Amino acid sequence: MLDRTADNVARATPEPLAKKIRGISDKGLAWLFISPTILLLLAINIFPLFWAIYLSFTNFRANRPNEAVKNLGLANYQRILGDQDIWIAMQTTAHFVFWTILLQTVIGFTLAWLIDRKFRGHAFWTTIILVPMMLSPAVVGNFWRFLYEPQIGLFSYVVSFVTGIPPTNVQMLSNVELAPWAIIIVDTWMWTPYVMLICLAGLRSIPEYIYEAAEVDRASNWRQFWSITLPMALPFIMLAVLFRGIENFKMFDMVNLLTGGGPGSTTEVASITLKRQAFESWRTGYSSAFAIILFVAVFGLANIYVKALNKVKQR
Amino acid sequence: MNRSVATKRSSWPVWARRGLMENIATAIIAIGFLMLFQPFALSLYTYSFVTMLAGTVMFIIVSKFPE
């Protein structure tokens, strides 16, 4: 049946095209099939990257496309790398990335370890835990705004119930001290299931006979955890840290929806600064240089983690 | 049935092997990354990008070196 279909397709091919295809080698045919993907990648990934690199050396402004573009050399880079405000935005990003990754990894691994116990109804709870990850960041941002509302927000009432502070005083999004933590809480709530899923895959890949051998050797549960579970799940944990690290480093949507970088600039992470420079101040060349700096940082980070991951795998 | 196996010695210098050079490149990237995010000195932040870029370029080059 399949042969007949293939035969019909072959017969339907116009003769000049069929003649051409017959002359193409297997390698040529492979290139022919992947070339649309390569062209698409070049058009939407590689070309914009090189264009951004070019713009980073100019004073180009996207809102004044007809203005003459002047080559500034390394001036944009020098300005960014001497700018105190951007330095502070980098520190805010580092604070955000550090705490989200730490909390997500600890909570995610603990949840994965508990789910791996295979208790009654573990499949149901796995599905429930995964729900936040499946939601759109725009939806999550909006409903957490409601939850954080001092007047009507459930979060404020829970905090008030536990601490005794009046709910109107729990101003998570407008308090300078609390606003960064409000974003960290939401990001942790949303992405811990993702870390849990990767850790669970790691825990499920550990062969049962290793634990049986440890039982024979009378190793305690604690010893089994430190000598078997953690080392064997480590490549997976590191993979989760890598993915979340890169994602959180360029985090934009949640911060923009929850605080928009405020109050003041306390939650102004690098991506928010970049957006302000690019689409509010319209300094396209300057913001391109900033984007290239962030790109190099993420690229370098990815190299370190891939190397560390290979090292752990070789053990 | 002992067959002598001829081992081909690489002429590539030992100090320039991939493992060692990758470690150096990784260390440079890590230092650059810490310089970018540290809250102590603006001058360290200023030179962080050059350090990271040098480390990344070095990593790309040395990852093609023989083991």
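Those protein sequences? They're chains P and L, same order as listed. Counted from 1, the first sequence has number 165 at position 43 by my numbering; the numbering is strictly sequential. Counted from 1, the second sequence has number 35 at position 34 by my numbering; the numbering is strictly sequential. C-beta atoms are modelled at their ideal positions from N, C-alpha and C, and glycine is treated no differently. Here the structure is a predicted model, which is why all the values come from computation and not from measurement.
(message) On the DSSP bridge list, what partners appear for Thr180(P)?
(response) Asn193(P)
**Q.** Reduced DSSP secondary structure (H/G/I, E/B, other) of Ala355(P)
**A.** helix
inquiry  = Please list the terminal residues of the continuous alpha helix (DSSP H) segment that includes Val58(L).
reply    = 49 to 63
Taking 8 Å as the CB-CB cut-off, is Ile37(L) touching chain P? The sequence given here has Leu at residue 37(L), not Ile. For Leu37(L), the answer is yes, since a Cβ of chain P falls inside 8 Å of its Cβ.
Helix, strand or coil, according to DSSP, for Pro272(P) in the structure here?
coil
Using the C-alpha atoms, what's the distance from Phe220(P) back to Ile414(P)? 22 Å
| query | Based on Cα-Cα distance, which residue from Ser178(P), Pro385(P), Ala216(P) lies nearest to Ile368(P)? | reply | Ala216(P)
Own chain, CB closer than 6 Å to Ala362(P), minus 5 neighbours either side, in chain order
Val317, Ile320
**OP:** Express the C-alpha separation of Thr135(P) and Arg126(P) in angstroms, rounding to a whole number.
**Re:** 14 Å
Problem set entry | Cβ pair Phe218(P), Asn370(P) closer than 8 Å | yes
Interface positions of the segment 204 to 224 of chain P facing chain L (Cβ-Cβ less than 8 Å), listed along the chain: Gly204, Gln206, Trp209, Met212, Gln213, Thr215, Ala216
So, for Met32(L): in the same chain, excluding its five sequence neighbours on each side, which residues have a beta-carbon less than 8 Å away from its beta-carbon? With the sequence shown as reference, residue 32(L) is identified as Ile, and Met is not the correct amino acid for it. These residues qualify, in order along the chain: Thr52, Gly56.
Whose Cβ in chain P lies nearer than 8 Å to the Cβ of Glu23(L)?
Lys429
Return the CA-CA distance between Lys397(P) and Thr27(L), expressed in angstroms with no decimal places.
30 Å
* So what's Asn297(P) in DSSP terms, helix, strand or just coil? -> coil
Check your understanding: How big is the Cα-Cα spacing for Leu196(P) and Glu390(P)?
Key -> 25 Å
Start and end residues, alpha helix (DSSP H) containing Ser226(P): Strictly speaking, residue 226(P) in this sequence is Gln, with Ser absent from that position. Unbroken alpha helix (DSSP H) run through Gln226(P): 206 to 237.
With burial defined as no fewer than 16 other Cβ atoms inside 10 Å of the residue's Cβ, what is the status of Val338(P): buried or exposed? exposed
Apart from the five residues just before and just after Leu276(P), which ones in its own chain have a Cβ nearer than 7 Å to its Cβ?
Leu269
Q | Closer than 8 Å at the beta carbon, the chain L residues around Tyr199(P) | A | Phe50
message: Could you give the first and the last residue of the continuous alpha helix (DSSP H) run that contains Met460(P)?
response: In the structure displayed, chain P extends from 123 to 437; residue 460(P) sits before or after that span and is not available.
**Prompt:** How would you list, in chain order, the residues of chain L whose beta-carbon sits under 7 Å from the beta-carbon of Ala419(P)?
**Reply:** Phe34, Leu37, Met53
Check your understanding: Between Leu177(P) and chain L, is there a C-beta pair that is closer than 8 Å?
Key -> no
If the cut is a Cβ gap below 7 Å, which residues of chain L does Gly383(P) touch? The contacting residues do not exist; Gly383(P) stays about 18 Å from chain L at best.
| message | Beta carbons nearer than 8 Å to chain L: which residues of the segment 395 to 423 of chain P have them? | response | Ile415, Val418, Ala419, Phe421, Gly422, Leu423
For this session: Kindly indicate which three-state DSSP category Gly263(P) falls into: helix, strand or coil?
Result: helix
Residues in the same chain with beta-carbon distance under 7 Å from Ser296(P), minus the five sequence neighbours each way, listed in chain order, please. Pro385
Hey, would you say Phe60(L) sits closer than 8 Å to Val418(P), going by beta carbons? no
Discussion item. In this structure, how does DSSP classify Asn188(P) when only helix, strand and coil are distinguished?
Written reply: coil
(message) Below 7 Å on C-beta distance, what does Phe60(L) contact in chain P?
(response) Asn425
**OP:** Give the single residue among Asn24(L), Leu54(L), Ile62(L), Pro67(L) whose Cα lies nearest to the Cα of Tyr427(P).
**Re:** Asn24(L)
Backbone secondary structure at Glu334(P) - three-state DSSP: helix
Practice problem: Pull up the distance between the alpha-carbon of Ala355(P) and that of Pro329(P), whole angstroms please. | Solution: 12 Å
**Message:** Taking its Cβ as the centre, do 16 or more other Cβ atoms sit within 10 Å of Met256(P), making it buried, or is it exposed?
**Reply:** exposed
When you compare the CB of Ala31(L) with every CB in chain P, is at least one pair closer than 8 Å?
yes
Residue range of the unbroken alpha helix (DSSP H) whose run includes Glu68(L): Where Glu68(L) is concerned, there is no enclosing alpha helix (DSSP H), given that its DSSP letter is neither H nor E.
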